[in-house]
Each structure stands twice: as structure tokens, then as C-alpha cells.
Amino acid sequence: MSLIKDEIFAYLSRQQSPIGLKRLEQRLKLRRHERNYLRMILKEMVREGRIRKVENQCYQVAPQRISTESGKSTPSVRSLLSGFLVSGKGGFHLETRSRRRAVQVRWPFDMQGRPVAGDRVLVLETGKSSGVIVGVESPEKRRIWGRLKGRQLVPAFGKHRSVFLQHENGKNEVAEVLAGIRPRVLARFRETPGSASVIASYRHNLYQPWPKLADIPRPEERELDRRMDLTDLMTFTIDGADAKDFDDALSLEPSENGYTLGIHIADVSAYLKQNTPLDQGALLRSVSVYLPNQTISMLPEELSNGLCSLMPGEPRLCMSLMFHLNRGFEVEDFTVTPTRIKSRFRLRYDHVNRWFETGEPTAEPWGSEIGDRLKILKEFALFRRKQRKNRGAIFLNIPRGELKFNESGHVSGITGEKGGISQKIVEECMLLANETVGNLFVEKGIPGIFRVHPKPSSDTLQALEYLKKELHLDIQFSSVSSFINQLKDPRFHYITLRLMGRARYEGEAGYHFGLATDNYLHFTSPIRRYADLVVHRMLKAWLNRVPAPYSRPQLDAISSLVSFRETQAFHGELDTAESLILDKIQRGKGREFDGIVSSVSEKGIFVELADWFVDGFVPLSKLAGRFHLSQSGFALHSNQGQSISIGSPLRVRITRIDPLLRILKLQPVDNRL
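Pasting the structure below:
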């Protein structure tokens, strides 16, 4: 029953107006004799306060009251479990590798997706015999995606057979089906401009947007009394044109022997009390998700874009790092303290970059007092980047596409996202803040959540040697970082990034290979990352000389949870962008494109379409001649002496495209390949 309730709630949450019984019956595929069963469920949901009944037998989601009071606590974090879902009495239970644990688990009502017995899931254990599912690690093998046509599901990929569904009448919708003796449709999606984000949210268990808060959390009086007042300090933010959640601000003042650099970070912990329902909601989300056409914030909008956002002219609570720099921009010492600031200006990356490039005035009302500070910050950022390069940090230049939308919600254009000096200024300031707090935690023995990027193995160095030979690169290198930093073509940066692996959160300090630094953590974005919020709470406890709010096992569990949710968000963002771009291609007239080979395998090659930021697949069967994978894994060689390697230009033709299923099949235009 809980699954049906969740499906009803998710469906009603997406509707702009109340929905009647008949449409709900159609949505749930219920028969007439099951109408009373539906009415019983709806009655229970009204009693629970999740939905409300309005006139003409219609229903809508009830305004949600989320408790923000510290006195109303939720179960605290115990551990993070991985196992398989098993259907049992009263719902799902978790079965682990070692033994079957008597842990009854629930699916959060506002997390998208649908659990199935046999799914491998991650569960946040909140009690001795209870837990919350935080996402599906690997789905049950019988879950199949495809197009629902009549009574058949036509699978998206050839490795599955068509599935016959006796009581269906599909109209070419994208659907997920659970195959078996009695197959059933788990979800179906209509073709709309918003379908890409809906499907990605379902597949990667992203959350519904927060409901409006019935009551806004307020900081306690003692939070206000013990703060340093910096509201008269000239502070400003630099963000993207569409940003709303401003979580960092800068200040720079001359001093007797150099400068005082202020890095001011929104103090979310002053508003979000630990172990409240609001806090647990933020923990389960873990990160904000930035889909191309939608933002799913970790915090309710009233906090993320309101009380915690460092908007100009508004007094805000912060944690401020004040650095004393000498005239050579080296850090002499620093302080960290809770503060109250008032940002004067909201600067934009594009405006600041244009100002540096042309010297022309911008539309923003800042003059020489900000301009002079920006010039000094530019010199500081270049000094810091040189320092990092000297110690072996990696500088990747991976092109990204920024999507522009028309009024109907379709992509109207794609522009290459290019970073400038303003992005470098903010990046270097945030890195300095994160490194400084990380070193402080290790030096003082403060437990925390650290950002760790393991060093590549010897196999990675061997792979780079193969890559150098296959691509005939004139590079002399002794380390991964020296190899990458000598690559002038950004197309190869993504390849090396894949070889290195991703950074992750851990409860113990470690080395961050990409940044070439020890003891790194995240401190600067508590509005959109829960790991940063935990670090703020631990730091404030140390400053106030009170017991730490988290134990080491809890920090380990939260680290694993946040790493998992970050990966889910990453894939949700990529999938949505890919679907939207493929939709743009499908609606266009062109069917032939210039491309670059981005990777190769035993089954074929992947080609990135020039200026489109998407890859299509060319099966081996579409290549003339017999090709085999080279020893390096970076090229295909034919018996006739032909070679296709990563980075090779290739003109291709589309043979199959399905945007919502993210399918793009290609073949070379040149029949000789």
C-alpha cells in the first residue's frame, strides 16, 4: 500500500490543479471493482495530512508543514547499509551479504523512482530495526527500459527481448517494465519538453522540490550576540547570471604590510538545527542538483534563495575567514569566526570578465572601489595558481555546453561555457578557505568530513604511456599531473579524467591528488552541500568548546551517503542535458555531422559531435573491414592497416536517435571506414 500512496503523492505533486477519481484510476491502471480500494487509500492519505480533498471529489497535495524546531527531533544517523530489498510483512526489509538483518526500510515519499524487491539499495540506518532508503545502487536485472507500443514493450537495447503486457495499450511512451511471469509497468512517461528531467529524476532517485515552509526557522539570540559585526565592511559576491543561492562573499582591504582578505561563507547551521525533520530532509538530499532546466535545492527555497543567501543590502550570518596577506600574497596568519555581514554588490562572472578584457564599464553599479579590489584579487589568484602548479596540481580544461531554452521549453541553442579570470578569482579564494579549514581540523584533532582523491595506480601511468604512443604525442612525463598539464588539446583532458577516477568524501583526512594537497575538505558551500554544513557544525562546536555534534561512525556514514548522492546528482544532470541536446538535434534538419572519436571498445567507437557536447555510438558492424582493439585500448586497427584512435576526426551520419532513451546510433559517411 505504501508504494501506491507514494505513486499517488508523486503524481499529485506534479499537477497544477486538483485531480479527480477517474484520472487517478486511469493513472494507477485500476479496474472498476478496485475503486473502493482507491477511496480507502485516499481517505488514509487525507487523514495523514499528505493530501486534501476539495470540491467535486478531487484531490491535491496538502500544504506541507515541516517542523523546523530543534525540540522536534528525528532519529539520528547510525550507519549506512548496503543490501537487497526483500518483500515482507509490512513492507520492505533489507538483506545484507553477511546475514539477513531485521531492518524494515521505507522509501521517502518525496524521493522519485520506484523500489522493487531485488534492487540493491543503500539504507541510512536510523534505529535498531528501521532505516530510510537513500537510493538504488543497482536495479533488479528484470527492470527493462523501452518504448510501450500497444501491448508490447520494445526494449531500448538489443540484449533484451520484447515484453508482452496483456492489459496495456501503449502509445509509444517511454516506460520501465518489470519483466517476468507477470510483467508490469513500473513507470511511463509522455513526450513533453520536461520529460527529460522527469525521467532522469526517476532513474537516479532525485527528490521532488521542497514544499513551501509553514514556518521559517530563526537563529537563537545567542547566535546573534556572539558574532563579530562586519556589516560596514565592503563585501561583494561574484556568481553566474542565473545564480540565486549566493553562499560566499569576498572582501579585500589594504593593511600596513599587505592586505586583509575576507572569505565569508553563509552560516546555514545557524538556521538548520541538527536532527530536525528539516535537517533530515537536507541530509537525504545531500546536494543541490542543477539540471539544465530545473534546480532541485538541498534546502527549501526560503533558506537557499532567501535567509541564507548573501543577497546585496541584506544583513546575513556568516562564518568568516580573515587572511592577513603580505605584499607577495603569501598568508601570514588567519582567523575564523562567526560574523554578520551585508554584501554591497552582486557581481556577475560575465560582467567581470568583460571588464577585465575590455576595460569597459558594465551594467553593474560598481566603480573604482570594487575595480581596484578586483585587480588585486586577479594578481592574488594568478599567484595562487602558480603555487599550485609548482606543487603538482592538475589543471583540466574540459569544454562544457550551456543550454539556452525557448518559451516552449525546448533547447534553442548551445554555447561553449568558457571560464575567465573572475572564475579563477573565486576558485582560488574557495580553495584557500577549504585548505585552511582542513589543515586546522587536522592540526587541532577536530573530526570532520574530508575530500579525498586517491593517487592513480601504476596502471594509470602505463595507460598514459600507451596513449602517448597511440596518439603520437610529443610529451616527456614522469607523473600523471605532468602529462595532463602538457596536453594542449582539451579533448584529451576528459580521457585522462576518466583514468584518474572521482574524488569522494571520507571521515578521515587523506591526499587530494587533483589539487596536490593534504587535509582538503569542503567548507564554502553549505547551502548546496551537506558535507560543508557538517564541517561548519564541527568547527563551531570546537570554537565554542562544546562536545562535537557527530561521532566518527556518524561522519563515516554521512561521508558515504553524500558521496553516493553526489554521484546520483551528477548522472541526473548529465542524462538530462544529453536528452535535451538529442531532442534539439532530432528537431533540426541536419543528419550528417563532423565529430571526434572520444573512446573505443571491442564493440565499436564513440564519437562526440562537434559543438554538440554529446556522444553517439558507431557499432563495429558499421565499419568497413575487420577491426580489432589495440593493446592500449585507445585505438582500433584493421587487417588492411587502417587505424581509428581517440581524437581522430570522423564525419558521421545518424542512423537512430531517441532523445528520451538517450540513444544516438551513427555510421561513418565515408564507406571506406
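Per this note's numbering, the sequence shown starts with residue 26, numbered consecutively. Glycine included, each C-beta is placed from N, C-alpha and C at the ideal position.
Outcome for residue i when other beta-carbon atoms lying within 10 angstroms are tallied against a minimum of 16
{"i": "S507", "result": "exposed"}
{"i": "G195", "result": "buried"}
{"i": "L249", "result": "exposed"}
{"i": "R90", "result": "With a pLDDT of 45 at R90, under the threshold of 50, the modelled position of that residue is not reliable, and no figure is offered here."}
{"i": "D695", "result": "exposed"}
{"i": "K298", "result": "buried"}
{"i": "P325", "result": "buried"}
{"i": "I423", "result": "exposed"}
{"i": "S604", "result": "buried"}
{"i": "D581", "result": "buried"}
{"i": "N282", "result": "exposed"}
{"i": "E339", "result": "exposed"}
{"i": "P242", "result": "buried"}
{"i": "N544", "result": "buried"}
{"i": "H229", "result": "buried"}
{"i": "T364", "result": "buried"}
{"i": "T383", "result": "exposed"}
{"i": "D304", "result": "buried"}
{"i": "S280", "result": "exposed"}
{"i": "N415", "result": "exposed"}
{"i": "H547", "result": "buried"}
{"i": "R570", "result": "exposed"}
{"i": "N459", "result": "buried"}
{"i": "M26", "result": "With a pLDDT of only 44 at M26, under the threshold of 50, the placement of this residue in the model should not be trusted; the figure read from the coordinates follows. So M26 ends up on the exposed side."}
{"i": "G45", "result": "exposed"}
{"i": "D240", "result": "exposed"}
{"i": "I206", "result": "exposed"}
Secondary structure of residue i, DSSP reduced to three states
{"i": "G37", "result": "The displayed chain sequence assigns Leu, not Gly, to residue 37. Helix, per DSSP."}
{"i": "I44", "result": "strand"}
{"i": "E201", "result": "strand"}
{"i": "R687", "result": "coil"}
{"i": "T440", "result": "strand"}
{"i": "V148", "result": "strand"}
{"i": "E69", "result": "helix"}
{"i": "R172", "result": "strand"}
{"i": "T461", "result": "helix"}
{"i": "F538", "result": "coil"}
{"i": "R90", "result": "At R90 the pLDDT is 45, less than 50, meaning the model places this residue with poor confidence and gives no usable figure here."}
{"i": "K609", "result": "helix"}
{"i": "G445", "result": "coil"}
{"i": "E533", "result": "coil"}
{"i": "V477", "result": "strand"}
{"i": "V161", "result": "strand"}
{"i": "S670", "result": "strand"}
{"i": "I682", "result": "strand"}
{"i": "I76", "result": "strand"}
{"i": "S155", "result": "strand"}
{"i": "N544", "result": "coil"}
{"i": "L456", "result": "helix"}
{"i": "F189", "result": "strand"}
Presumed contact (8 Å Cβ cut-off) between residue i and residue j, rounded CB distance
{"i": "A225", "j": "D600", "result": "4 Å"}
{"i": "F645", "j": "G629", "result": "Correcting the residue type first, residue 645 is Leu in the shown sequence and not Phe. Correct: roughly 5 Å between the Cβ atoms."}
{"i": "L255", "j": "I366", "result": "5 Å"}
{"i": "L178", "j": "G143", "result": "Rounded, the Cβ-Cβ distance is 18 Å, inconsistent with contact."}
{"i": "I688", "j": "V625", "result": "Incorrect: roughly 19 Å between the Cβ atoms, too far for contact."}
{"i": "I263", "j": "L372", "result": "4 Å"}
{"i": "V632", "j": "L691", "result": "6 Å"}
{"i": "R139", "j": "A212", "result": "6 Å"}
Stretch pair the stretch 319 to 333 + the stretch 231 to 250: three plus CB contacts closer than 8 Å: Result yes; three or more Cβ-Cβ pairs closer than 8 Å.
Every unbroken beta strand (DSSP E) inside the stretch 280 to 344 [3 residues or more]: Within the stretch 280 to 344, complete beta strand (DSSP E) segments of at least 3 residues are found at 283 to 291, 314 to 316, 319 to 321, given in chain order.
Contiguous alpha helix (DSSP H) assignments of at least 4 residues, all confined to the stretch 212 to 291: Counting whole runs of 4 or more residues, the stretch 212 to 291 contains the alpha helix (DSSP H) stretches 220 to 228, 246 to 250.
Every unbroken beta strand (DSSP E) within the stretch 353 to 406, with a cutoff of 3 residues, ordered by chain: Counting only runs of 3+ residues, the beta strand (DSSP E) found wholly inside the stretch 353 to 406 occupies 356 to 373, in chain order.
The stretch 315 to 324 in contact with the stretch 343 to 363 per 3-pair CB rule at 8 Å: No: fewer than three Cβ pairs fall under 8 Å.
Stretch pair the stretch 288 to 297 + the stretch 269 to 277: three plus CB contacts closer than 8 Å: Output reads yes: the stretch 269 to 277 touches the stretch 288 to 297.
In chain order, each alpha helix (DSSP H) run of at least 4 residues that lies wholly inside the stretch 494 to 519: For the stretch 494 to 519, the full-length alpha helix (DSSP H) segments reaching 4 residues or more read 505 to 511 along the chain.
At least 3 beta-carbon pairs within less than 8 Å: the stretch 432 to 440 vs the stretch 526 to 533: By the Cβ test, the stretch 432 to 440 is not in contact with the stretch 526 to 533, since fewer than three Cβ pairs between them sit closer than 8 Å.
Given 8 Å, three or more beta-carbon pairs between the stretch 550 to 568 and the stretch 478 to 486: The answer is no - the stretch 478 to 486 does not touch the stretch 550 to 568, with fewer than three Cβ pairs under 8 Å.
Contained beta strand (DSSP E) runs [length at least 3] in the stretch 618 to 665, N- to C-terminal order: Segments of the beta strand (DSSP E) lying fully in the stretch 618 to 665: 629 to 634, 640 to 644, 652 to 654, 660 to 663.
At least 3 beta-carbon pairs within less than 8 Å: the stretch 162 to 173 vs the stretch 183 to 201: Touching, yes, given that three or more Cβ pairs across the two stretches are closer than 8 Å.
Inter-stretch contact at 8 Å, needing at least 3 Cβ pairs: the stretch 105 to 116 / the stretch 129 to 147: In short, these stretches touch, since the Cβ pair count reaches three.
Within the stretch 100 to 136, ranges of the alpha helix (DSSP H) (whole runs, at least 4 residues): Residue ranges of uninterrupted alpha helix (DSSP H) with 4 or more members are absent from the stretch 100 to 136; none lies entirely inside it.
At least three beta-carbon pairs within less than 8 Å, the stretch 406 to 423 to the stretch 509 to 518: With contact defined as three or more Cβ pairs closer than 8 Å, the stretch 406 to 423 and the stretch 509 to 518 are in contact.
At least 3 beta-carbon pairs within less than 8 Å: the stretch 642 to 656 vs the stretch 580 to 595: The answer is no - the stretch 580 to 595 does not touch the stretch 642 to 656, with fewer than three Cβ pairs under 8 Å.
Cβ contact (3+ pairs, closer than 8 Å) linking the stretch 158 to 167 and the stretch 201 to 214: Under the three-pair Cβ rule at 8 Å, the stretch 158 to 167 counts as touching the stretch 201 to 214.
Stretch pair the stretch 181 to 189 + the stretch 333 to 351: three plus CB contacts closer than 8 Å: Too few Cβ pairs lie closer than 8 Å, so no.
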